[in-house]
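For the sequence shown, full-length UniProt numbering gives the first residue as 1, with consecutive numbering after it.
The C-beta atom is built at its ideal place from N, Cα and C for all residues, glycine as well.
The model shown is predicted, which means the values in this text are computed figures rather than measured ones.
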Amino acid sequence: MTKSEQGLGGRLPLPETATLNSAQRALYDSLQKSWVVFADKIGVKATTEDGRLIGPFNFFLLHPEVTKTLWDFQSTEESNTTLPKRVREVVIITVGAVWGADYELYARGHVAREAGLSQEALATIAAGGIPEDLSDDEKIAARLARNLLTGHRVEDKLYHEAEQAFGRTGLFDIVAVMGVYQTVCAGLALFEVPAPSTAAAD
Numbered sequence: 001m002t003k004s005e006q007g008l009g010g011r012l013p014l015p016e017t018a019t020l021n022s023a024q025r026a027l028y029d030s031l032q033k034s035w036v037v038f039a040d041k042i043g044v045k046a047t048t049e050d051g052r053l054i055g056p057f058n059f060f061l062l063h064p065e066v067t068k069t070l071w072d073f074q075s076t077e078e079s080n081t082t083l084p085k086r087v088r089e090v091v092i093i094t095v096g097a098v099w100g101a102d103y104e105l106y107a108r109g110h111v112a113r114e115a116g117l118s119q120e121a122l123a124t125i126a127a128g129g130i131p132e133d134l135s136d137d138e139k140i141a142a143r144l145a146r147n148l149l150t151g152h153r154v155e156d157k158l159y160h161e162a163e164q165a166f167g168r169t170g171l172f173d174i175v176a177v178m179g180v181y182q183t184v185c186a187g188l189a190l191f192e193v194p195a196p197s198t199a200a201a202d
């Protein structure tokens, strides 16, 4: 692990693979073949140079059985969602923004840009705003997610706008994807996991 990679675990150490138990090693191998490969393709750093997992993937190793269930839920949610890709990404970025989850905003920003969201739009969402270059439905999704995250309530007018835009199934899909990424962002916040560019060097 290089000096510049010091601190990437936040409050957690980045364990060497030799220290992982059998369940952790199985999860590690699975993550290396899936999420790490995906991250590499889109330019997101998910491991150190010597192969230790960073971001949420490191704390996923703390409880492989629960992580597998969360992972299965996330995969089912993503495969079956009725939400347009850009709407889903707006919701995910909004979750990361409200939590102030630097790694999530860093990593998911790459995915969101692949989906067609501008860097300016992502910066505006991260700052708590609603970008002007979003579609009407995307703006509704951003407002809905932010209201749920910050006030835990949605006024009737916004609810009916969202129901008309996405249908009741779509509303549930928004809640489902928020659930996944609230878990991720809560872990990032709890363990103070930084984005690679903001990790403190020793």
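What does DSSP give as the partner residue(s) for L53 in the beta ladder? DSSP, once it has assigned bridges, lists T47 as partnering L53.
Local conformation of L188 per DSSP, three classes: Helix at L188.
Cβ shell of V175 (< 8 Å), same chain only, five flanking positions each side left out: Residues of the same chain with a CB within less than 8 Å of the CB of V175, apart from the 5 flanking positions on each side, are L148 in chain order.
Limits of the alpha helix (DSSP H) - the one that G128 falls within: Careful: G128 lies outside any alpha helix (DSSP H) and carries neither H nor E.
Measuring alpha carbon to alpha carbon, tell me which of E155, A101 and A145 ends up nearest V184. Measuring C-alpha to C-alpha distances from V184 to each of E155, A101 and A145 identifies A101 as the nearest.
As assigned by DSSP and simplified to three states, the class of D156: Note: D156 maps to helix in three-state DSSP.
Identify which residue in T81, M178, G187 and L62 has its Cα closest to the Cα of S22. S22 has its Cα closest to that of L62, out of T81, M178, G187 and L62.
Rounding to the nearest angstrom, what Cα-Cα distance links Y106 and S30 in this structure? For Y106 and S30, the distance between alpha carbons rounds to 23 Å.
Where the alpha helix (DSSP H) through D137 begins and ends: Under the DSSP assignment, D137 falls in the alpha helix (DSSP H) whose first and last residues are D136 to T150.
Measuring CA to CA, which of L190, A141 and F38 is closest to M178? Nearest C-alpha to M178: A141.
7 Å Cβ shell around L12 - same chain, five flanking residues per side excluded: Taken in chain order, the residues that qualify are N58, F59 and F191.
Give, in chain order, every unbroken run of the alpha helix (DSSP H) that is at least 4 residues long and sits entirely within the stretch 47 to 110. The qualifying runs are 56 to 60, 64 to 80 and 85 to 99.
Cα-Cα, which of V66, A162 and P56 is closest to A186? Nearest option by C-alpha distance: P56.
At a cut of 8 Å, does the stretch 129 to 141 reach the stretch 104 to 121 through at least three beta carbon pairs? The way I'd put it, the stretch 129 to 141 does touch the stretch 104 to 121; three or more beta-carbon pairs between them come closer than 8 Å.
Verify whether the separation of the beta carbon atoms of L144 and A162 is less than 8 Å. Contact: yes.
V44 versus G51 - alpha carbon distance: One C-alpha to the other measures close to 14 Å.
With a threshold of 6 Å on Cβ separation, who are the neighbours of Y103 within its own chain once the five nearest residues in sequence on each side are excluded? Taken in chain order, the residues that qualify are G55, L188, V193 and A195.
Over what stretch of residues does the alpha helix (DSSP H) that includes L31 continue unbroken? If you look at L31, you'll find it in the alpha helix (DSSP H) that goes S22 to K33.
Buried or exposed: where does G9 fall if 16 or more other Cβ atoms within 10 Å of its Cβ makes it buried? By the C-beta density criterion, G9 is buried, having at least 16 other C-beta atoms within 10 angstroms.
Indicate the three-state DSSP secondary structure (helix, strand or coil) for S118 in the structure shown. Here DSSP, grouped into helix, strand and coil, assigns S118 to coil.
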